[in-house]
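Here the structure is laid out as structure tokens; the discussion comes afterwards.
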Amino acid sequence: MANRLQVEFTGLRFENPFLLSSAPPTESDANIMRAFDAGWGGVVTKTIGLHPVVNVDGPKTKFLRASPDGHMSMQKRVGSALHSSWNWELISDKPLDWWVPRIARIKKAHPDRILVASIMAGSGSDRELEHWQTLAKACQDEGADAFELNLSCPHMDRKDMGSNIGKDQEQISIVTQVVKEVARVPVWAKLTPSTTDIVIEARGAFLGGADAIVSSNTFPSIPLIDPESLEFEMNVDGLVSSGGLGGPAILPLSLAKMAQMTQAFPDKAFSGIGGISNFSQALSFFLLGCGTVQVCTAAMLDHAIGPNVIKALIQGMEEFLDRNADKGWTSLEDFRGIRRDRVVTHSQIRRPSSKDYHGGHEAAEGYAASRV
Ligand SMILES: Cc1cc2nc3c(=O)[nH]c(=O)nc-3n(C[C@H](O)[C@H](O)[C@H](O)COP(=O)(O)O)c2cc1C
Numbered sequence: 000m001a002n003r004l005q006v007e008f009t010g011l012r013f014e015n016p017f018l019l020s021s022a023p024p025t026e027s028d029a030n031i032m033r034a035f036d037a038g039w040g041g042v043v044t045k046t047i048g049l050h051p052v053v054n055v056d057g058p059k060t061k062f063l064r065a066s067p068d069g070h071m072s073m074q075k076r077v078g079s080a081l082h083s084s085w086n087w088e089l090i091s092d093k094p095l096d097w098w099v100p101r102i103a104r105i106k107k108a109h110p111d112r113i114l115v116a117s118i119m120a121g122s123g124s125d126r127e128l129e130h131w132q133t134l135a136k137a138c139q140d141e142g143a144d145a146f147e148l149n150l151s152c153p154h155m156d157r158k159d160m161g162s163n164i165g166k167d168q169e170q171i172s173i174v175t176q177v178v179k180e181v182a183r184v185p186v187w188a189k190l191t192p193s194t195t196d197i198v199i200e201a202r203g204a205f206l207g208g209a210d211a212i213v214s215s216n217t218f219p220s221i222p223l224i225d226p227e228s229l230e231f232e233m234n235v236d237g238l239v240s241s242g243g244l245g246g247p248a249i250l251p252l253s254l255a256k257m258a259q260m261t262q263a264f265p266d267k268a269f270s271g272i273g274g275i276s277n278f279s280q281a282l283s284f285f286l287l288g289c290g291t292v293q294v295c296t297a298a299m300l301d302h303a304i305g306p307n308v309i310k311a312l313i314q315g316m317e318e319f320l321d322r323n324a325d326k327g328w329t330s331l332e333d334f335r336g337i338r339r340d341r342v343v344t345h346s347q348i349r350r351p352s353s354k355d356y357h358g359g360h361e362a363a364e365g366y367a368a369s370r371v
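With numbering that gives the first Met the number 0 applied, the sequence shown covers 0 to 371.
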């Protein structure tokens with residue numbers, strides 16, 4: 000029987016539209032092989048760079064939990080539920096030389112699974128821009144099926160890296176173009192949600208030749224302050240810096256960013272990320288127009304690579320297709336984007352008496368009610 004879950008995205012065929020995003024679940028070849036064995040349709044490697052990174056002297060990620068009484072903390076409490084992940088982890092601490100033979104090995108073991116190499120360099124000089132090309136050439140020569148450009152890491156001090164580039168449409172265009180010059184495989188741009196109007200940055204990426212946009216990376220945030228110790232719940236020597244929020248808390252925020260972009264570019268390819276742990280949540284992204292989705296936090300909490308999460312995603316999609324067989328839906332393409340146009344301006348939403356509301360403006364001239 001044909002695989003109903005199979006999708007084509009940026010010219011690549013995926014066994015299913017569910018990918019592990021660039022993060023700890025994809026930080027090693029061992030994890031990635033396990034992820035493919037568990038059933039993930041694709042994997043985006045932990046971001047590979049040319050500059051060595053050293054992480055902070057303490058935990059890199061913790062999970063914030065909320066209780067029904069409103070209590071919220073990184074300390075586990077009976078009856079609490081996951082609210083979000085918070086991290087200040089940098090990109091891969093393994094150098095390109097470490098990754099290169101492993102990319103080859105993964106592809107040899109899993110030739111029909113999609114391996115996307117996440118890469119990152121700077122943009123402040125020609126030399127930095129060449130680093131993007133060095134990374135891209137090295138990864139594609141070993142069989143990487145696509146690139147994801149990290150224009151979104153929220154904890155970079157350098158002004159020409161990560162989410163700092165991702166806030167600048169011109170830098171986004173330049174970097175994308177530079178990678179496209181050498182790429183023989185599709186190039187995806189992973190944007191930061193930390194901008195005023197993400198459509199502007201998405202346009203920059205498409206102008207540079209991006210084959211897809213990926214969104215969201217984590218949202219800039221800081222940990223809560225413990226009311227007893229008066230210390231941040233995560234700190235090193237009492238200090239914190241801005242980190243990234245992921246998990247359930249960002250699902251509606253990520254959807255809003257995605258809705259803006261899929262409406263502005265209905266014919267382009269999008270991969271949705273943000274708070275996905277089951278098929279219902281993935282479905283929201285698909286209905287807005289995404290062709291694939293990616294998962295991080297939920298996988299981290301499920302045996303490091305999410306064997307149960309991918310099982311539930313696959314089962315959820317199978318059941319969804321069964322339930323909607325009467326509509327003639329046989330694959331993702333039959334329902335992708337069918338709710339994209341339901342996000343409208345506020346004044347387009349029906350009111351008890353619509354003639355009285357003019358979107359915050361005075362009534363159009365000539366139609367104003369007489370004030371006699
Ligand atoms: C600990 C941690 C490390 C991450 N590292 C990277 C990274 O190296 N590159 C990247 O593009 N995104 C990175 N991310 C972001 C995730 O790929 C993802 O975009 C984000 O967590 C939102 O998805 P989620 O809600 O499923 O967690 C990281 C996230 C976490 C929690």
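Backbone N, C-alpha and C fix where the C-beta goes; we use that ideal spot for every residue, glycine too. The structure displayed is predicted, hence computed values, not measured ones.
DSSP on residue i, reduced to helix/strand/coil?
i, result
"Ser-279", "helix"
"Phe-264", "coil"
"Ala-209", "coil"
"Trp-98", "helix"
"His-82", "strand"
"Glu-147", "strand"
"Phe-285", "helix"
"Val-239", "coil"
"Val-186", "strand"
"Arg-370", "Low per-residue confidence applies at Arg-370: pLDDT is 49, beneath 50, and the placement is therefore not dependable, though the value from the model is reported in the following sentence. The answer is coil: DSSP assigns Arg-370 none of H, G, I, E or B."
"Met-32", "helix"
"Gly-165", "coil"
"Ile-197", "helix"
"Gly-245", "strand"
"Ser-253", "helix"
"Arg-335", "coil"
"Thr-175", "helix"
Under 8 Å from any heavy atom of ligand 1, does the C-beta of residue i make it?
i, result
"Val-174", "no"
"Cys-289", "no"
"Gly-273", "yes"
"Asn-216", "yes"
"Asn-307", "no"
"Pro-51", "no"
"Met-299", "yes"
"Val-43", "yes"
"Gly-57", "no"
"Ile-31", "no"
"Gly-243", "yes"
"Pro-23", "yes"
"Val-294", "yes"
"Gly-246", "yes"
"Glu-147", "yes"
"Ile-90", "yes"
"Leu-134", "no"
"Thr-60", "yes"
"Thr-46", "yes"
For residue i, count the other beta carbons within 10 Å of its own beta carbon; 16 or more makes it buried, fewer makes it exposed. Which is it?
i, result
"Lys-189", "buried"
"Ser-162", "buried"
"Leu-148", "buried"
"Pro-351", "exposed"
"Asp-331", "Sequence check: residue 331 is Leu here, not Asp. Label assigned to Leu-331: buried."
"Leu-4", "buried"
"Lys-107", "exposed"
"Lys-354", "exposed"
"Gly-10", "exposed"
"Leu-254", "buried"
"Val-371", "Only weak support is given to the placement of Val-371: the predicted model assigns it a pLDDT of 39, under 50, and the value that follows is read from those uncertain coordinates. By the neighbour-count rule (16 or more Cβ atoms within 10 Å), Val-371 is not buried but exposed."
"Ile-272", "buried"
"Ser-240", "exposed"
"Ser-369", "Low local confidence applies: a pLDDT of 46 at Ser-369 is under 50, so the model's placement there is unreliable, and no value is given."
"Asp-333", "exposed"
"Gln-377", "Here the chain comprises residues numbered 0 to 371, so residue 377 is not present and cannot be evaluated."
"Ile-348", "exposed"
Checking the sheet assignment: what are the DSSP bridge partners for residue i?
i, result
"Thr-291", "Ser-270"
"Lys-45", "According to DSSP, which records beta bridges pairwise, Lys-45 is partnered with nothing at all."
"Lys-61", "Trp-85"
"Ser-117", "Glu-147"
"Arg-71", "The amino acid at residue 71 is misidentified as Arg; the sequence shows Met. Its beta-bridge partners are Ala-65."
"Phe-231", "Ile-224"
With respect to the beta strand (DSSP E) encompassing residue i, which residues constitute its N-terminal and C-terminal limits?
i, result
"Glu-7", "6–8"
"Arg-12", "11–13"
"Leu-18", "17–19"
Between which two residues does the alpha helix (DSSP H) carrying residue i extend?
i, result
"Leu-128", "125–140"
"Asn-216", "That residue, Asn-216, is in no alpha helix (DSSP H); it is neither H nor E in DSSP."
"Gly-315", "306–322"
"Val-53", "Unbroken run through Val-53: none, as it is neither H nor E."
"Thr-296", "296–299"
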